[in-house]
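A.B. asks: Quick note on this note's numbering: the sequence shown kicks off at 44 and runs consecutively.
Here a beta-carbon is modelled for each residue, glycine too, at the ideal position from N, C-alpha and C.
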Amino acid sequence: MIIHTMTDFYNTPTNNFDREPTRGAFSLHDLLHTITLNWYWFVISIFISLAGALFYLAQTPKTYRRTTTILVKDFNKGGSSELTTFSDLAGLQNSRNIENELVMLRSRRLMSRVVQQLDLNITYQKPRTLLDRDLYGNSPIKIDFPKSSDNQHLSLTITPQKENCVLSNFTSDQLSEEIFSTQIKANYGDTLQTPVGAIVAHKLRELQPNELGKPIVVTHSSLSDAIDTYRNRIKCAVPQRQGSVAEISIEDIVPRRAEDILNTLIAIYNDDAIEDKRRISKATSDFIAARLEVIGRELGDVDRNIQHIKQTNNLTNFVTDAERNSAESSRFKAEGLSVESRIRMATFIRDYLSDQKNADNPIPATIDETNNVIATQIAEYNRAIIKHKKLLENSSAYNPIVQEIETTLGEIRHAIIASLNARIATLELQRNLLQNEERQTNRRIAALPARERALLTIARLQKIKEELFLYLLNKQEESQLGYAIAESNARTIDSAYGNNTPIAPRPAVILGIAIIAGIAIPFALLLLIEILNTSVRNRKDIEEYISAPFLGEIPRCAHSTLIHETGRDPLSEAFRILRSNMAFLNVSPEKPIRTILFTSSKPHAGKTFITKNLAIALSATGKRVIIVDLDLRRHTFSSQQGYGKSPRGVTAYITRNNTNIDTLIHTTSLHQNIDAIYAGIQPPNPAEILLSDRLDQLINELRNRYDYVFMDCTPAISVADAQICDRLADLCIYVIREGDLDREQLPDIERLHREKRFHNLCIVLNGTNTQRHGYGYGYNLKEEECDILSYRQRIINWLYWLVRNRKVHA
44 MIIHTMTDFY NTPTNNFDRE PTRGAFSLHD LLHTITLNWY WFVISIFISL
94 AGALFYLAQT PKTYRRTTTI LVKDFNKGGS SELTTFSDLA GLQNSRNIEN
144 ELVMLRSRRL MSRVVQQLDL NITYQKPRTL LDRDLYGNSP IKIDFPKSSD
194 NQHLSLTITP QKENCVLSNF TSDQLSEEIF STQIKANYGD TLQTPVGAIV
244 AHKLRELQPN ELGKPIVVTH SSLSDAIDTY RNRIKCAVPQ RQGSVAEISI
294 EDIVPRRAED ILNTLIAIYN DDAIEDKRRI SKATSDFIAA RLEVIGRELG
344 DVDRNIQHIK QTNNLTNFVT DAERNSAESS RFKAEGLSVE SRIRMATFIR
394 DYLSDQKNAD NPIPATIDET NNVIATQIAE YNRAIIKHKK LLENSSAYNP
444 IVQEIETTLG EIRHAIIASL NARIATLELQ RNLLQNEERQ TNRRIAALPA
494 RERALLTIAR LQKIKEELFL YLLNKQEESQ LGYAIAESNA RTIDSAYGNN
544 TPIAPRPAVI LGIAIIAGIA IPFALLLLIE ILNTSVRNRK DIEEYISAPF
594 LGEIPRCAHS TLIHETGRDP LSEAFRILRS NMAFLNVSPE KPIRTILFTS
644 SKPHAGKTFI TKNLAIALSA TGKRVIIVDL DLRRHTFSSQ QGYGKSPRGV
694 TAYITRNNTN IDTLIHTTSL HQNIDAIYAG IQPPNPAEIL LSDRLDQLIN
744 ELRNRYDYVF MDCTPAISVA DAQICDRLAD LCIYVIREGD LDREQLPDIE
794 RLHREKRFHN LCIVLNGTNT QRHGYGYGYN LKEEECDILS YRQRIINWLY
844 WLVRNRKVHA
């Protein structure tokens, strides 16, 4: 215990006395103190946490991670494809989104094929004490379950022997407990009817001696559950945001199984992509073939239609036909004009010959030279005319030769006229024919645009169908080529790989967490206890809210209730310090402290305990002390001394005027210098009795006889007895028990002090923890009597010093 001086009593801070106590408030020093005092709980907690962590590590299977790296062939982000030239063909588009491909990799459909191919829904385990060993890829036995059990949870135990095996412990949702204990002996490779269905046990290799007779637990999970389990373990990531490289990883307790799952998944993914492309290519080829057949028939119909139109209209080519018809029309027109000209010439000559005026004149030479007969006749006629004119010049008209010539001229004239008539008729017929041909040619020329338009429409349809037919032929070849060279969507950069160091559980992390938990749990509990603790915990709580002098602290002692005059224990030292502190309260030599009132806020605070022990401490110095039990309600002190029902006491003295004081005083076993006056019988009105002047006379008389008069009174807050008796006291010692009084009642004590309800009120804290507060009784003490110099106290003092210095520097 630290010895306090008057400076400590009267220089306490007063700025917090009007403040309400804060529930759960405590300082860092208090927390460190509490932790140090309860160090063994931390040791126990850390030990339990580490034991639990070690058990967890022993029974938790190690998990390994395996990763594979692939390049997704995406034209937008890299990659290559042999079908780049066919990118316009429906069904052979190769541009892919990497996120979509990663979703495809984690699909249930692909994982279902992986699970079925690797039999991942069937596990083989060798039982061990803490952790069963998974025999994936190393099991000497394989069990074939019926196909109907794909959606069932089954299990059995197989005990392999050299030539056969024993099946037992059949379990499923439908089996009863009796069937569970059934044992069946079977040969390898035989189909065996069991409670879980028809199964076949295969021996994959020769059994080692240490494998014979060792049971293997075979578990068959439903296919759906196995798919979900392994699908959820698949993790996909794209290291480069704009890249086409993807990393697929999985975690499993068997590294080989993780590698098989990843490699098989990528292989199935690529096979699925190739199958999908080939399926699309085949569907495309079938569609193209069907369309080619239809378009071929339609193209044949168009060709025949064009042929019919050209044959019907005698067309070969619209341009040449138009030129030919135009030329024919011009020719027919020119020939018609020529014929008309000849008709007119022949008509002129005929009319010329028919006119008698021209009988003696020759025929003009402008005649149709195309008719040699008429030309010969005209030439002969003209010679005859010339000859006739020459004869008439030398002879008369009656000359026989002249008459003969005239007869010949008439005949020739008639012959020419007949020839001209025939010629004119012929030319007119020829003219009519040419005009008819010209009209037909002109009609053909006029009809050409309509025929050309109809033929062009058909020709255009023919061209479209020809182009479509040729395009489909080309694409049919491309589709067949695409089917033959179909490639996968991804290329494996790195097959499944990984470190042989398990990723979980991580012993360092688990043990670290265990240590942290071992520290955090008691720390949290102690912190919670401190927060929920609303009682007075130490002197600091009292000094924070009460301005009355603090007289001292009394440690809690479980072995004794009274101190010894020569005692060296902490309790005796505490009361000696309390006795010394009382000496500092005698501030006035003219009015020394003689009468002391002991009270508290509630019962069981220890005021009677302090009254007796402080009396012993004072008596040890030769002072005479008398203890007056003024607790007329409970008689605590009197009962402890065996005079709880004594008729002689304070009550009898006050109520009976003839009572002698000497008859009230009793010697005690506490000390030879300590006497006592007991309470006596319990009155019906204790407060009214304590107001009597007889009590004043009693106390004054005792002051004259004794050095100290101790008045053990009732609690001050619950009843008014203590405040009534305060008029007789020079000093009021207010006893507060640590951990008993709620801090919310401290302002009530401060109010009593400020209102001066008690004379010279001072506080004594009772029942303190010596280890918690670090009492300093250590001089010439036996080691077994005091442990305040232990290493725990040194740690507490060092932490306190550290916190205090940090506050000073702050």
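Mind pulling the beta strand (DSSP E) runs of 3 or more residues that sit fully within the segment 223-298?
C.D. replies: Taking only runs of at least 3 residues, the beta strand (DSSP E) segments lying wholly in the segment 223-298 are 227-230, 234-237, 240-246, 259-263, 278-280 and 288-295.
A.B. asks: How many angstroms separate the CA atom of L135 from the CA atom of R284?
C.D. replies: Legend: pLDDT at L135 = 45, less than 50; position of this residue unreliable, no value from coordinates given.
A.B. asks: Among residues of its own chain, excluding the 5 on either side of R334, which ones have a beta-carbon nearer than 6 Å to its beta-carbon?
C.D. replies: Here the set comprises L515.
A.B. asks: Would DSSP call G723 helix, strand or coil?
C.D. replies: If DSSP states are grouped into helix, strand and coil, G723 belongs with coil.
A.B. asks: For the alpha helix (DSSP H) containing G561, list its first residue and its last residue.
C.D. replies: Unbroken alpha helix (DSSP H) run through G561: P550 to L575.
A.B. asks: Buried or exposed: where does K190 fall if 16 or more other Cβ atoms within 10 Å of its Cβ makes it buried?
C.D. replies: Classification for K190: exposed.
A.B. asks: Taking the alpha-carbon positions, what's the Q195 to A94 distance?
C.D. replies: For Q195 and A94, the distance between alpha carbons rounds to 38 Å.
A.B. asks: Report the residue from A660, K655 and R580 whose alpha carbon sits nearest the alpha carbon of E616.
C.D. replies: Minimum Cα distance to E616 is reached at A660.
A.B. asks: What's the call for G723, buried or exposed, on a 16-neighbour Cβ count within 10 Å?
C.D. replies: G723 is buried by the Cβ-count criterion.
A.B. asks: So if DSSP puts F1 in a beta bridge, which residue, or which two residues, is it bridged to?
C.D. replies: Limits of the chain in this structure are 44 at one end and 853 at the other, which puts residue 1 out of reach.
A.B. asks: Please state if the CB of T702 and the CB of P726 are separated by a distance shorter than 8 Å.
C.D. replies: Taking 8 Å as the Cβ cut-off, P726 and T702 do not qualify as a contacting pair.
A.B. asks: Please classify Q740: is it buried, with 16 or more other beta-carbons within 10 angstroms of its beta-carbon, or exposed?
C.D. replies: So Q740 ends up on the exposed side.
A.B. asks: Can you give me the Cβ contacts of K825 inside the same chain, cut-off strictly under 7 Å, excluding the 5 residues immediately before and after it?
C.D. replies: Confidence at K825 is low in this model, with a pLDDT of 41, below 50, so the placement of that residue is unreliable and no value is reported for it.
A.B. asks: Which term fits R300, buried or exposed, when burial requires 16 or more other beta carbons within 10 angstroms of its beta carbon?
C.D. replies: It counts as buried.
A.B. asks: Need the endpoints of the alpha helix (DSSP H) that K432 sits in, please.
C.D. replies: From DSSP, the alpha helix (DSSP H) with K432 extends over N415 to N437.
A.B. asks: Could you give the first and the last residue of the continuous beta strand (DSSP E) run that contains I165?
C.D. replies: Residues I165 to K169.
A.B. asks: Does the Cβ of Q420 have 16 or more other Cβ atoms within 10 Å, making it buried, or fewer, making it exposed?
C.D. replies: Buried is the call here.
A.B. asks: Considering just the uninterrupted stretch of the beta strand (DSSP E) at C859, what are its terminal residues?
C.D. replies: As displayed, the chain neither begins before 44 nor continues past 853, which places residue 859 out of reach and without an answer.
A.B. asks: Among T451, A326 and A759, which has the Cα closest to the Cα of Q519?
C.D. replies: Nearest C-alpha to Q519: A326.
A.B. asks: How is L713 classed by DSSP in three states: helix, strand or coil?
C.D. replies: Reduced to three states, the DSSP call for L713 is coil.
A.B. asks: Identify the continuous beta strand (DSSP E) that holds Y751 and give its terminal residues.
C.D. replies: Its beta strand (DSSP E) spans residues Y751 to D755.
A.B. asks: Would you kindly report the start and end of the unbroken beta strand (DSSP E) that includes C208?
C.D. replies: N207 to S215 is the extent of the beta strand (DSSP E) around C208.
A.B. asks: Taking 8 Å as the limit between beta carbons, can you name the residues of its chain near P550, skipping five residues before and five after?
C.D. replies: Result list for P550: L100, in chain order.
A.B. asks: According to DSSP, what are the bridge partners of I639?
C.D. replies: Paired residue(s): F753 and L774.
A.B. asks: Is T711 near the ligand ADP, judged by its Cβ being under 7 Å from some heavy atom?
C.D. replies: No copy of the ligand ADP appears in this structure; indeed no ligand is present at all.
A.B. asks: Going by Cα to Cα distance, which pick from L605, S462, N348 and F753 is closest to N415?
C.D. replies: If we check each option's Cα against that of N415, S462 comes out closest.
A.B. asks: Can you tell me whether S88 is helix, strand or coil according to DSSP?
C.D. replies: Helix at S88.
A.B. asks: Nearest CA to the CA of P170: which residue from D216, D233, Q102 and Q204?
C.D. replies: Per the Cα distances, Q102.
A.B. asks: So is L163 buried or exposed if we call it buried at 16+ other beta carbons inside 10 Å?
C.D. replies: Answer is buried; the Cβ neighbour count reaches 16.
A.B. asks: Look up I186 in the DSSP assignment and give the residues it is bridged to.
C.D. replies: DSSP lists A244 as partners of I186.
A.B. asks: Using the rule of at least 16 other Cβ atoms within 10 Å of the residue's Cβ for burial, across every protein chain shown, is S438 buried or exposed?
C.D. replies: The residue in question, S438, is exposed, as its Cβ has fewer than 16 Cβ neighbours within 10 Å.
A.B. asks: Between P238, V239, L477 and E206, which lies nearest to I247 when the distance is taken from Cα to Cα?
C.D. replies: The sequence shown places Leu at residue 247, rather than the Ile named in the question. Of the candidates P238, V239, L477 and E206, the one whose C-alpha sits nearest the C-alpha of L247 is E206.
A.B. asks: Have a look at V158 and T112 and give me their C-alpha separation to the nearest angstrom.
C.D. replies: Distance between the alpha carbons of V158 and T112 is about 21 Å.
A.B. asks: When we look at the beta-carbon of P613 and count the other beta-carbons within 10 Å, is it buried (16 or more) or exposed?
C.D. replies: Label assigned to P613: buried.
A.B. asks: When the Cα atoms are used, what is the spatial distance from R699 to R677?
C.D. replies: C-alpha separation (whole angstroms): 21 Å.
A.B. asks: Grouping DSSP H, G and I as helix and E and B as strand, with all else coil, what is D718?
C.D. replies: Strand, per DSSP.
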